[in-house]
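J.: Start counting the sequence shown at 206; every next residue gets the next number (this note's numbering). Yeah, the Cβ is synthetic: ideal placement off N, Cα and C, and Gly gets one too. Structure provided below as structure tokens; questions to follow.
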Amino acid sequence: MRCLVLGASGFIGRHLVTSLTTLGHQVIAYSGHFNKKNLIDGENANIEYVTGDFSNENRWGDLLTGVQVCYHLISTTVPKSSNDDPVADVAGNIIGTLNFLEAARKKNIRIVFTSSGGTIYGRINSDSIEENHATDPLCSYGITKLTIEKYLLLYHELHGVRSVILRIANPYGEGQQPDSIQGAVAVFMGRVLRGHTIDIWGDGSVIRDYIYVQDVVRSMIAASEYGGRLNVFNIGSGGGVSLLELLGMIEQVTAKKADIIFHPSRSFDVPINVLNITKAQNELGWTPQVSMIDGLKKTVTWMQEKLDDTILQNAHHSTL
206 MRCLVLGASG FIGRHLVTSL TTLGHQVIAY SGHFNKKNLI DGENANIEYV TGDFSNENRW
266 GDLLTGVQVC YHLISTTVPK SSNDDPVADV AGNIIGTLNF LEAARKKNIR IVFTSSGGTI
326 YGRINSDSIE ENHATDPLCS YGITKLTIEK YLLLYHELHG VRSVILRIAN PYGEGQQPDS
386 IQGAVAVFMG RVLRGHTIDI WGDGSVIRDY IYVQDVVRSM IAASEYGGRL NVFNIGSGGG
446 VSLLELLGMI EQVTAKKADI IFHPSRSFDV PINVLNITKA QNELGWTPQV SMIDGLKKTV
506 TWMQEKLDDT ILQNAHHSTL
């Protein structure tokens, strides 16, 4: 099968491309840039690397030729910085997606879109969020993700475009960089390994849903094969972990003590965000397989073996 992966050089994208080629699929790996650090698998004959500007891409007709499945992971912003320039967020993501959909509607292509289970729901009134929970995102990133969801549903109604939307929790695993501005697991782990301080806003009781990256990839492949009537699924671990619990597990797998600095809580921090994954389990035949502690062990092994000292030295001061 021929697949197009938008956002192939990103954390999840690299894992997805590797899994797809392992399964024998041909992959067009599309990204804003590729370099030695984010090339997925060197000169793999099953991977065609394409560099482009998603917001202004005009080659969709050619790129989609022969493609059966498109995995839409690409995003030009992250939650923390998206409010700094909402205009750029809309131009880079919504307009880019609409241009893509205009070409995709003329092809018989299935789309798997990675939305954000951590941002689109906003303030939560439940300990276990189902897909029909009210959506009220508090950042431009979440608004953009939700808008793309709505356009995918619209294009299905108007043009029969087939899509499956995955609202993904907080992914972590090998390849997630400790110098990023998002990804609590990698940032915390990188700082613990280097003996740097970690800032916690509040008492560390904020609960989030963390899911191992290979479990995310399996859900995406399952979604590409789904033939049922539902089209929106939560993808998470099925449980929540507080920041202090997460740091305790990181201390366990690194055999190092975290140096935590506590600060007053922030009004915009949502106390709990845990996704209910029952629909994905029942409809997609998918369930997470890697426990949090096992996923952290895999992650720390990779981080210790693969990341050079320069990257770890440059891990930014964490404020999660």
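1) My output table needs one value for Ser523: the three-state DSSP class, helix, strand or coil.
2) Count the C-beta pairs between the stretch 464-482 and the stretch 411-422 that are closer than 8 Å, then say yes if the count reaches three, no if not.
3) Which term fits His521, buried or exposed, when burial requires 16 or more other beta carbons within 10 angstroms of its beta carbon?
4) How would you label Ser523, buried or exposed, when you count the other beta carbons within 10 angstroms and need 16 or more for buried?
5) Can you have a look at Arg434 and say buried or exposed, based on whether 16 or more other CB atoms are within 10 angstroms of its CB?
6) For the alpha helix (DSSP H) containing Gln231, name the first residue and the last one.
7) Are the CB atoms of Thr226 and Asn251 nearer to each other than 8 Å?
8) Taking the continuous beta strand (DSSP E) assigned at Trp406, which residues delimit it?
9) Can you tell which of Ile465, Glu362, Thr324 and Tyr360 has its C-alpha closest to the C-alpha of Leu448?
10) Around the Cβ of Gly212, are there at least 16 other Cβ atoms within 10 angstroms (buried) or fewer (exposed)?
11) Give the secondary structure of Thr270 by DSSP, where H, G and I count as helix, E and B as strand, and everything else as coil.
12) Provide the residue span of the alpha helix (DSSP H) that contains Asp420, from first to last.
13) Determine the direct distance from the alpha carbon of Gly365 to that of Pro476, and round the result to whole angstroms.
14) Between the stretch 374-389 and the stretch 215-231, are three or more C-beta pairs nearer than 8 Å?
15) By the 10 Å Cβ neighbour count, where 16 or more other Cβ atoms means buried, how is Asn298 classified, buried or exposed?
16) With DSSP as the reference, label Tyr326 as helix, strand or coil.
17) For Ile314, does the count of other Cβ atoms within 10 angstroms reach 16, so buried, or fall short, so exposed?
18) Using only CA atoms, which one of Gln231, Leu371 and Leu451 lies nearest to Ser496?
19) Assuming the contact rule is C-beta atoms closer than 8 Å, Ile386 and Thr319 should be a hit. Round their C-beta distance to whole Å, please.
20) In terms of residue numbering, what span does the alpha helix (DSSP H) encompassing Leu448 cover?
21) Got a sec? Which residues, its chain only, sit under 7 Å from Ile329 by beta carbon, not counting five neighbours each side?
22) Specify the secondary structure class of Ser320 as computed by DSSP and reduced to three states.
23) Suppose you measure from the CA of Val210 to the CA of Ile455; what does that come to, to the nearest Å?
24) From the DSSP secondary-structure annotation, give me the bridge partner or partners of Ile465.
25) Straight-line CA distance for Gly347 to His338?
26) Give, in chain order, every unbroken run of the alpha helix (DSSP H) that is at least 4 residues long and sits entirely within the stretch 273-357.
T.: Taking the geometry as given:
1) Only weak support exists for where Ser523 lies, its pLDDT of 46 falling under 50; the value from the coordinates is given anyway. It is a strand residue.
2) yes
3) Caution applies to His521, whose pLDDT of 48 falls short of 50 and renders its modelled position unreliable; the value that the coordinates give is listed next. With fewer than 16 other Cβ atoms within 10 Å, it is exposed.
4) Because Ser523 sits at a pLDDT of 46, beneath the cut-off of 50, its placement in the model cannot be relied upon, and the point is left open.
5) exposed
6) For Gln231, there is no enclosing alpha helix (DSSP H); the enclosing beta strand (DSSP E) covers residues Gln231 to Ser236.
7) yes
8) Thr402 to Trp406
9) Ile465
10) buried
11) DSSP, reduced to helix, strand and coil, places Thr270 outside both helices and strands of the structure shown, so it counts as coil.
12) Note, Asp420: alpha helix (DSSP H), Val418 to Ser429.
13) 39 Å
14) yes
15) buried
16) coil
17) buried
18) Leu451
19) Not quite, the Cβ-Cβ distance comes to about 18 Å (not below 8 Å), so this is no contact.
20) Leu448 to Thr459
21) Val475, Ile477 and Asn478
22) strand
23) So the two alpha carbons sit approximately 32 Å from each other.
24) Ile403
25) 15 Å
26) 284-287, 291-294 and 301-309
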